[in-house]
Amino acid sequence: MTQPNGRMQDKVVLVTGAGSVGPGWGNGRAIAVRMVEEGAKVMALDQDLQRLDETLRLGRQAQGRHQGQIEVASCNVTQTPAIQAAVEATLQRFGRIDVLVNNVGGSAAGGPVEMSEEVWHAQIDHNLTSVFLMCKHVLPLMLAQGSGVVVNMASTSGIRWTGSAQVAYAATKAAVIQMGRVMAVQYAKQGIRVNTVVPGQLHTPMVEARLAKQRTGGDVQALLAQRQSRIPLPFMGDGQDTANAVLFLASDEARFITGTEIIVDGGMTVRCA
Ligand SMILES: NC(=O)c1ccc[n+]([C@@H]2O[C@H](COP(=O)([O-])OP(=O)(O)OC[C@H]3O[C@@H](n4cnc5c(N)ncnc54)[C@H](O)[C@@H]3O)[C@@H](O)[C@H]2O)c1
Numbered sequence: 584m585t586q587p588n589g590r591m592q593d594k595v596v597l598v599t600g601a602g603s604v605g606p607g608w609g610n611g612r613a614i615a616v617r618m619v620e621e622g623a624k625v626m627a628l629d630q631d632l633q634r635l636d637e638t639l640r641l642g643r644q645a646q647g648r649h650q651g652q653i654e655v656a657s658c659n660v661t662q663t664p665a666i667q668a669a670v671e672a673t674l675q676r677f678g679r680i681d682v683l684v685n686n687v688g689g690s691a692a693g694g695p696v697e698m699s700e701e702v703w704h705a706q707i708d709h710n711l712t713s714v715f716l717m718c719k720h721v722l723p724l725m726l727a728q729g730s731g732v733v734v735n736m737a738s739t740s741g742i743r744w745t746g747s748a749q750v751a752y753a754a755t756k757a758a759v760i761q762m763g764r765v766m767a768v769q770y771a772k773q774g775i776r777v778n779t780v781v782p783g784q785l786h787t788p789m790v791e792a793r794l795a796k797q798r799t800g801g802d803v804q805a806l807l808a809q810r811q812s813r814i815p816l817p818f819m820g821d822g823q824d825t826a827n828a829v830l831f832l833a834s835d836e837a838r839f840i841t842g843t844e845i846i847v848d849g850g851m852t853v854r855c856a
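So the number in our numbering is just where the residue sits in the sequence shown, counting from 1, plus 583.
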């Protein structure tokens, strides 16, 4: 693991979905804490305040020698008034927003026949409208500052068949990737970079909390074995791997990188069989 070197010092970072569906390192929690380690001032948002308790505890532990800070706030990122309040709270506390990490998302099983219209619309709200609304309310600040970075969270399901039908998730994550590319070109001249991290099949708390029930009748080991069998590297990635990719794209080390994606999947999507 790379030692923290303070590369996010003086940056204010807003992370959505920074709790975790279960104990351990969900992507949002890992991103928030990694940013604090690197000296960022982090506002960690989640619609479920209880899930932020552990993020806050780990973030406070990580404050260390690079002057990182963490605050948490409740915010449902599909609701405009809640987003406006969270953005305002971030400005009150830290004075600006340098980095927006749109991490909220999650899958629902099924193709168009099995999936209800209600679930389809809920998936669009959860995975795509959330990104649109956060950008709508944060980009004006970045434009006024003349700088900013957006990192969106997609999934390999947005670029490949990944083992099961989850049509709304696939469609919305593909949309997140393309939305990022378009925004990158639109705002490049104003000093704003936009990129996307595309995680593959990770071992995050979501596996135990939700996916094993959906896919393997609750058998976590069977699901992990199934996921590992698709991955060329001989181990599973986790939230820390996502966080390191987000950190790089958010940092000044990526100053010439915009409108693109980093795939974090152990080689899964380039494998043919
Ligand atoms: N875990 C994986 O294997 C994996 C793989 C590919 C992509 N991803 C993507 O990574 C992101 C995070 O996934 P995860 O599995 O780490 O998450 P998770 O389910 O562990 O945590 C997500 C958090 O978001 C919060 N949340 C949900 N809806 C919200 C809303 N409307 N407003 C604010 N907060 C909300 C939840 O309370 C939860 O704490 C998602 O976009 C997901 O699609 C995950």
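The beta-carbon is built from N, C-alpha and C at its ideal position, and this holds for glycine as well.
Computed from a prediction, not measured in an experiment: that's the story for all the values here.
A check of alpha carbon separations from A627 across E620, V655, H649, R634 identifies V655 as the nearest.
R743 is a Cβ neighbour of T852, given a cutoff of 8 Å. With a threshold of 16 other beta carbon atoms within 10 Å, D629 meets it and is buried. Around R798, the same chain offers L806 as residues with beta carbons nearer than 6 Å, after the five sequence neighbours per side are excluded. Counting C-beta pairs closer than 8 Å gives fewer than three between the region 603-612 and the region 663-683, which falls short of the contact rule.
Your pair I814 and Q784 checks out as a contact, with CB atoms roughly 7 Å apart and the cut at 8 Å. DSSP places V721 within a helical segment (H, G or I) once states are collapsed to three.
Every unbroken stretch of the beta strand (DSSP E) spanning 3 or more residues and falling wholly within the region 807-855 is given here in chain order: 844-847. Here DSSP, grouped into helix, strand and coil, assigns S740 to helix. Boundaries of the alpha helix (DSSP H) harbouring D636: 634-644, taken from the DSSP string. DSSP places L711 outside any alpha helix (DSSP H), giving it a letter other than H or E.
CA-CA distance, Q592 to Q823, rounds to 19 Å.
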